[in-house]
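These notes concern the structure reproduced below.
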């Protein structure tokens, strides 16, 4: 019975992570909150659980954006032979994705363990959710006109920096990158696509860095079923959550996520103080 309950908890955590990964309310922050209230302790961002649920979200992104990825790869390679406006646009888009990956990659390698040790707390999440809400509120009415072909290297650095800031629990990765892109005058569709294509290299990089931790996971055999359920839950939830968020973005309704963060952030801090 204890193992069944543990499996249910991990399924719920996977569903929760998958639901919150695409939308701008911080999956890492909400996962910390869920762990706290479900009384489940999972060690840091390099844990087997973290790799599996993030890989599930990555798979959902790959499925949804498969046509964009295919076009970028084909045109990106074509650019070396055929320098047309279309191939140049897609080649540079790939270059910008690579550049935007660098800040979070460097900071993650150097400081992720420190962030996990000192900032992975429920109180931190409550405070940073409010920060996320403020950022979303500031850009809620922006309607940029710049598309893929109008992006610049400066855009890539700024969006990459925003993704690095989102290593702090409670700062939404998708929210930070979309806010940065829209603040630069990039339209909603391009901001959304760039944000989630940017999730691919950072997620793959995290997976590679976590392989050793997984191999050395002493609980891998006993936790196989809970891990699998967490992966499945995250995959399904990520897919439908991202589809839903794409519709929300098309309608320009980011303000509702800001309001959500304004409400949940203080409530989380209050609940923590009342329970401790």
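Residue numbers (the UniProt record's numbering): 1 to 276. Virtual Cβ for every residue (Gly too), placed ideally from N, Cα, C.
Simplified DSSP state of residue i, which is helix, strand or coil
| i | result |
| --- | --- |
| residue 63 | helix |
| residue 146 | strand |
| residue 25 | coil |
| residue 186 | strand |
| residue 351 | Residue 351 lies beyond the stretch modelled for the chain, which goes from 1 to 276, so this question has no answer here. |
| residue 222 | coil |
| residue 42 | coil |
| residue 302 | No answer is possible for residue 302: it lies beyond the span of the chain, which begins at 1 and ends at 276. |
| residue 216 | coil |
| residue 170 | coil |
| residue 140 | coil |
| residue 151 | coil |
| residue 241 | helix |
| residue 120 | coil |
| residue 47 | coil |
Burial state of residue i, where buried means 16 or more other Cβ atoms lie within 10 Å
| i | result |
| --- | --- |
| residue 113 | exposed |
| residue 247 | exposed |
| residue 258 | buried |
| residue 139 | buried |
| residue 54 | buried |
| residue 273 | exposed |
| residue 179 | buried |
| residue 32 | buried |
Through-space distance from residue j to residue i, alpha-carbon basis
| i | j | result |
| --- | --- | --- |
| residue 68 | residue 128 | 32 Å |
| residue 58 | residue 193 | 14 Å |
| residue 142 | residue 185 | 8 Å |
| residue 61 | residue 202 | 13 Å |
| residue 47 | residue 73 | 31 Å |
| residue 96 | residue 36 | 38 Å |
| residue 101 | residue 212 | 22 Å |
| residue 255 | residue 200 | 26 Å |
| residue 252 | residue 216 | 45 Å |
| residue 6 | residue 66 | 34 Å |
| residue 170 | residue 210 | 22 Å |
| residue 11 | residue 165 | 28 Å |
| residue 195 | residue 2 | 40 Å |
Spatial neighbours of residue i in its chain, beta-carbon cut-off 8 Å, leaving aside the 5 residues before and after
| i | result |
| --- | --- |
| residue 130 | 261, 262, 265 and 266 |
| residue 85 | 149 |
| residue 286 | This structure gives no information on residue 286, because the portion of the chain shown stretches from 1 to 276. |
Residues of its chain near residue i, where Cβ-Cβ distance is below 7 Å and the 5 sequence neighbours each way are ignored
| i | result |
| --- | --- |
| residue 295 | Residue 295 lies beyond the range of the chain shown here (1 to 276); nothing can be said about it. |
| residue 106 | none |
| residue 144 | 182, 185, 186 and 187 |
| residue 167 | 104, 107, 108, 112 and 115 |
Whole-angstrom C-beta distance between residue j and residue i, which should lie under 8 Å
| i | j | result |
| --- | --- | --- |
| residue 225 | residue 14 | That pair is no contact at about 12 Å. |
| residue 132 | residue 161 | About 16 Å; that fails the 8 Å criterion. |
| residue 222 | residue 198 | That pair is no contact at about 35 Å. |
| residue 228 | residue 51 | At roughly 13 Å, the Cβ-Cβ gap does not stay under 8 Å, so residue 228 and residue 51 are not in contact. |
6 Å Cβ shell around residue i - same chain, five flanking residues per side excluded
| i | result |
| --- | --- |
| residue 9 | 38 and 40 |
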